[in-house]
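Sequence lines, in order, name chains A and B. When we follow the numbering used here, the leftmost residue of the first sequence carries the number 4, and every step to the right adds one. When we follow the numbering used here, the leftmost residue of the second sequence carries the number 4, and every step to the right adds one. Glycine is no exception: its CB is placed at the ideal position from the N, C-alpha and C atoms. Shown next, in structure tokens, is the structure this report addresses.
Number of protein chains: 2
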Amino acid sequence: MESVKLGLIGLGTVGTGVVKVLQQNADVIKQRLGLPLTIKQIAVRHLEKDREVKVDRHLLTRDPYDLINDPDIDILIELIGGYEPARTLILSAIEQGKHIVTANKALLARYGHEIFSAASAKGVDLGFEASVGGGVPIIRALREGFAANHIQSIYGIVNGTANYILSKMTDEGRDFHEVLKEAQEKGYAEPDPTFDIEGIDSAHKIAILCALAFGAHLDLDRVYAEGITHITPLDIAYAREFGFRIKLLAIGKRLDDAIEIRVHPTMIPETNLISTVDGVLNAFYVVGDAVDKNIFIGRGAGAFPTASAVIGDLVEISRNIISNHCGGRVPPQSFLMGSIREVAIKDISDIVTSYYLRFSVVDKPGVLSKISGVLGKNNISISSVIQKGRHTQAAVPVVIMTHEARERDIRLALEEIDQLDVVLEKTVLLRVEEGE
Amino acid sequence: MESVKLGLIGLGTVGTGVVKVLQQNADVIKQRLGLPLTIKQIAVRHLEKDREVKVDRHLLTRDPYDLINDPDIDILIELIGGYEPARTLILSAIEQGKHIVTANKALLARYGHEIFSAASAKGVDLGFEASVGGGVPIIRALREGFAANHIQSIYGIVNGTANYILSKMTDEGRDFHEVLKEAQEKGYAEPDPTFDIEGIDSAHKIAILCALAFGAHLDLDRVYAEGITHITPLDIAYAREFGFRIKLLAIGKRLDDAIEIRVHPTMIPETNLISTVDGVLNAFYVVGDAVDKNIFIGRGAGAFPTASAVIGDLVEISRNIISNHCGGRVPPQSFLMGSIREVAIKDISDIVTSYYLRFSVVDKPGVLSKISGVLGKNNISISSVIQKGRHTQAAVPVVIMTHEARERDIRLALEEIDQLDVVLEKTVLLRVEEGE
């Protein structure tokens, strides 16, 4: 064997990064692998487009099946994203016995079980380190490093765009829409930022991580996702008064009979190390029963960090190919497919956590008593209250931090409270993760 | 194959942790591996000793060669520590074709090249995740996750005892010896704490990490190690005034023609995320040319976190055994043995960094001018000075932060300065890592 042959589908930002790093770091890759990684063919949409990287025109094709049907190609790299044609291409390539490396988080979050099962049945390897956390080797840690553990929980800041916006709002006291616009101008946010700011991208990523961490087959549509569009500088400032920061957190927890998996803006204590992870960085906080807590921080996106993850997978799979063709040595989800259980996801209304509630009320005596009355009636107990001095505005804020309560009870209470005469606007609700 | 058979040498703290986690988490390990991991025999010094874990008396032997010569045992776990007999036992076991898992950092720091070469020649696997950073999967990240990268630098807080002591001194303004004594009483420091507080343990760990990161064969005796015994609350307070924290840092940097590898108390900016890693936690900061910076934080010691790392390696190697016997698929240092270069380690006197200097001087006009004169003559330029108001004591502190300078020049300057009449005590020197 003289080299490991790669077929690449997609030559966008990440694809270009992969080609560049394969070229620039060919020396160190060969020192580690013993053989070079060679791109045999690249499927692109437009043959004639100008590229940011030097690629031999003869490598390009418009038909991805040229790669899939080439018996010479060992590993297929899928970097086009989205559900179709990515899903069909990957399944066809697995059928042809190709090993797969992909960065496609949307695809794996929704069709992971189908793709993992197909790869496992065929005994081919499937690398997807790049699908979550860019260059951070979090998937490798879950699949291999923490294999001795029952993973108890994993949560993280998994979307750099949302984290950048929240960090800017926090540091500069600025408004969401203003910061979003600036982020779009700087290229940190997409022209259509919905996936990032509404928590959808984060939901995809935490679904993949939970599948790995808990050996679970789960339904993406049951993952609760709430974005950051309603976060205001006022709430960020109050959070700080209580010693908290607001982060868009993706949370997965193993319970006895189900898992919790949810994405929402979350107040975390300033003493928690990941509360200081700002800007475009990603952070992952994993707790296992043997290893205790582990934190991983790094660039969650970008051409080069993502290429680092893609090529890390290529090296891993190539080592399998070279060493006795031991493909399939690590099951896609780390658990054998026969051990994967369909798990129930707790409905968001059933979760128990503590809450930050900001009420906009008229500045009259007796208001707090009315609100706390409704909370008490719904089994919600108060841990602290901030009610600032008299204002001249019509609406004044009253902020209440609760002890642990059931979300269903909170929602019932807020429904009633928001109809009180003394309450002028819809109450703001933020969930709190205590600890550290 | 019904199970993977293990031989364990050493049933101390970590060995007991491994047995416990293998028992408690047998379910999840089997779900991931498909087979159980079974301890076939354990070599101990005292057969009759009371153990913290339930072990069948028939598994115990006093002769480690019972394990090494048993053709039934697939993987040998070495947890006795120290150079001998560990080195001879591991080499004999490799000769017998056994795969090895070890947590022995002292051994690998000094005899790594010999052991790596033997394992590589025999085609057996050698797992040593537990030798550095307890449960933090930093070795897996360097061997596999970052395989696409030229690693440019790695530095970290790699000794929990020293970090605990420095954290306590920082938070409580207390003296080194007082905090050390308390740490010993609480069991956080050994009765003989030399290895931890003098930076020797940290030197072992950074030597292993640099061998992996840079594909290097290096001479442990050339690693500069300076401990924390001379750190005072006064210097911690001054560091804070400049916006820095003092940490015992183990540093490895790849230069064009050599590497830098050194351990010493270091001032790092408070804005650097790892400056807030306190207590017994470890932290690793890795920079690769593709992946950019990555940070790993977790428990660097303790029976269960270390057992998590040991068993993670057992699962990795077992997956190799089960999948077509592809042992040796990952070279011990990630680089093929043929690519490992002997590297020169820069002498500490040749490094270039910035410095914190605290002079104890008489409180007279003209002192600063004398000191800065000597510094200037030695090519050392000053970035800032703190000279507090007049004191009644004989000695007053003058603190100077320098721009980047060569250590040799600094030492020459301090030799001259410490002989000035106006200087009353040996000058305190701390190195600074800028950035982030």
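1. Give a yes or no on whether 8 angstroms exceeds the smallest Cβ distance from B/Phe-362 to chain A.
2. Does the contact criterion of 3 or more C-beta pairs under 8 angstroms hold for the stretch 324 to 338 of chain B versus the stretch 237 to 251 of chain B?
3. Mind checking A/His-61: buried by the 16 CB within 10 Å criterion, or exposed?
4. Taking Cβ positions only, does B/Tyr-63 come closer than 8 angstroms to chain A?
5. Between which residues of its own chain and A/Asp-421 is the CB-CB distance below 7 angstroms, once the five residues before and five after are set aside?
6. List, in order along the chain, the chain A residues whose C-beta lies closer than 7 angstroms to that of B/Asp-328?
7. With which residues is A/Thr-105 paired in a DSSP beta bridge?
8. Under 9 angstroms between beta-carbons, which chain B residues line up against A/Ile-314? List them in chain order, please.
9. Could you tell me which of B/Lys-52, B/Val-47, B/Asp-53 and B/Glu-55 sits nearest to B/Tyr-68, measuring between CA atoms?
10. Looking at the unbroken beta strand (DSSP E) that takes in A/Ala-286, where does it start and where does it end?
11. Using the rule of at least 16 other Cβ atoms within 10 Å of the residue's Cβ for burial, across every protein chain shown, is A/Asn-72 buried or exposed?
12. Where do the ends of the beta strand (DSSP E) carrying B/Ala-398 lie?
13. In chain order, which beta strand (DSSP E) runs of at least 3 residues are fully inside the stretch 329 to 364 of chain B?
14. What are the start and end residues of the alpha helix (DSSP H) that includes B/Ala-216?
15. Going along the chain, which residues of its own chain have a beta-carbon closer than 7 angstroms to the beta-carbon of A/Glu-132, five neighbours each way excluded?
16. Near A/Leu-215, what residues of its chain come up, given a Cβ to Cβ distance below 7 angstroms and the 5 sequence neighbours on each side ignored?
17. Any beta carbon of chain B sitting closer than 8 angstroms to that of A/Ile-300?
18. Quick one: does A/Phe-307 have its CB under 8 angstroms from some CB of chain B?
19. Would you kindly work out how many angstroms separate the C-alpha atoms of B/Gly-301 and A/Val-58, rounded to a whole number?
20. At a Cβ threshold of 8 angstroms, is B/Leu-14 touching chain A?
21. Since B/Gln-26 is in the alpha helix (DSSP H), which residue starts that stretch and which ends it?
22. Return the Cβ separation of A/Ile-254 and A/Asp-128 in integer angstroms, given the expectation that the two are a contact with Cβ distance under 8 angstroms.
23. Give the interface partners of B/Ile-32 over in chain A, defined as CB-CB distance under 9 angstroms, in chain order.
24. Straight-line CA distance for A/Asn-166 to A/Thr-279?
25. Please name the residue or residues paired with B/Arg-267 in a DSSP beta bridge.
26. According to DSSP, simplified to helix, strand and coil, what is A/Leu-11?
27. Near A/Val-402, what residues of its chain come up, given a Cβ to Cβ distance below 6 angstroms and the 5 sequence neighbours on each side ignored?
28. Can you list the alpha helix (DSSP H) stretches of 4 or more residues lying completely in the stretch 160 to 206 of chain A, in chain order?
29. With 8 angstroms as the threshold, decide whether the Cβ of B/Leu-111 is near any Cβ in chain A.
30. Would you check whether the ligand COA has a heavy atom nearer than 7 angstroms to the C-beta of A/Leu-38?
31. Is it the case that the stretch 214 to 233 of chain A contacts the stretch 261 to 281 of chain A, given that we only count it when at least three CB pairs across the two stretches are under 8 angstroms?
32. Mind the definition here: the stretch 194 to 202 of chain A touches the stretch 95 to 104 of chain A only if three or more C-beta pairs lie below 8 angstroms; say whether that holds.
33. Between B/Leu-436 and the rest of its own chain, which residues show a CB-CB distance below 6 angstroms, the 5 nearest in sequence each way excluded?
34. Are the C-beta of A/Gly-130 and some C-beta of chain B separated by less than 8 angstroms?
35. Can you list, in chain order, the residues of its chain whose CB lies under 6 angstroms from that of A/Val-290, leaving out five sequence neighbours each side?
36. Going by DSSP, what residue range makes up the alpha helix (DSSP H) through B/Ser-372?
According to the data block:
1. For B/Phe-362, the answer is no, since every Cβ of chain A falls outside 8 angstroms of its Cβ.
2. Because the criterion of three Cβ pairs below 8 angstroms is not met, the stretch 324 to 338 of chain B and the stretch 237 to 251 of chain B do not touch.
3. That one is exposed.
4. Before going further, note that residue 63 of chain B is Leu rather than Tyr in the sequence given. At a cut-off of 8 angstroms, the C-beta of B/Leu-63 has no neighbouring C-beta in chain A.
5. Within the same chain, A/Asp-421 has close Cβ partners Lys-429 and Thr-430.
6. For the sequence presented, residue 328 of chain B should be read as His rather than Asp. Under the 7 angstroms cutoff, chain A gives Asn-327.
7. A/Thr-105 pairs with A/Glu-81.
8. Chain B residues near A/Ile-314: Ala-150, Ala-151, Asn-152 and Ala-293.
9. It is B/Val-47.
10. Unbroken beta strand (DSSP E) run through A/Ala-286: 284 to 291.
11. Its Cβ having fewer than 16 others within 10 Å, A/Asn-72 is exposed.
12. Start and end: 398 to 405.
13. Listed in chain order, there is nothing to give.
14. Element bounds for B/Ala-216: 203 to 217.
15. Leaving aside the five residues that flank A/Glu-132 on each side, the residues in its chain whose CB is nearer than 7 angstroms to its CB run, in chain order, Pro-140, Ile-142, Arg-143, Ala-312, Gly-315 and Asp-316.
16. So the list reads Ile-142, Leu-145, Arg-146, Gln-336 and Ser-337, once near-sequence residues are dropped.
17. It does: the Cβ of A/Ile-300 has a partner Cβ on chain B nearer than 8 angstroms.
18. Interface criterion met: the Cβ of A/Phe-307 is under 8 angstroms from a Cβ in chain B.
19. Roughly 42 angstroms separates the two Cα atoms.
20. So, not an interface residue.
21. Note, B/Gln-26: alpha helix (DSSP H), 16 to 27.
22. In fact, because the Cβ distance is near 30 angstroms, the residues do not count as touching under 8 angstroms.
23. Ala-150 and Ala-151, listed in chain order.
24. Using only the alpha carbons, I get a separation of about 11 angstroms.
25. The residue you asked about is not Arg; residue 267 of chain B is His in the sequence shown. In the DSSP assignment, B/His-267 is bridged to B/Leu-252.
26. Under the three-state reduction of DSSP output, A/Leu-11 falls in the strand class.
27. Taking A/Val-402 as the centre and dropping the five residues before and after it, the same chain places the C-beta of Tyr-241, Arg-361 and Ile-389 closer than 6 angstroms to its C-beta, in chain order.
28. Within the stretch 160 to 206 of chain A, the complete alpha helix (DSSP H) runs of at least 4 residues are 163 to 175, 179 to 189 and 197 to 200.
29. Taking Cβ atoms only, chain A never reaches closer than 8 angstroms to B/Leu-111, which makes this a no.
30. Absence of the ligand COA is noted for the structure shown, with no ligands found whatsoever.
31. A contact is defined here as three or more CB-CB pairs under 8 angstroms, and the stretch 261 to 281 of chain A meets this definition with respect to the stretch 214 to 233 of chain A.
32. No, because fewer than three Cβ pairs between the stretch 194 to 202 of chain A and the stretch 95 to 104 of chain A fall closer than 8 angstroms, the two stretches do not touch.
33. A small correction: the amino acid at residue 436 of chain B is Glu; Leu does not occupy that position in the sequence shown. Cβ neighbours of B/Glu-436 beyond the five flanking positions: Thr-269 and Ile-271.
34. Cβ-Cβ to chain B under 8 angstroms: no for A/Gly-130.
35. Cβ within range, chain order: Gln-155, Ser-156 and Lys-296.
36. Looking at the DSSP string, the run of the alpha helix (DSSP H) that includes B/Ser-372 is 370 to 380.
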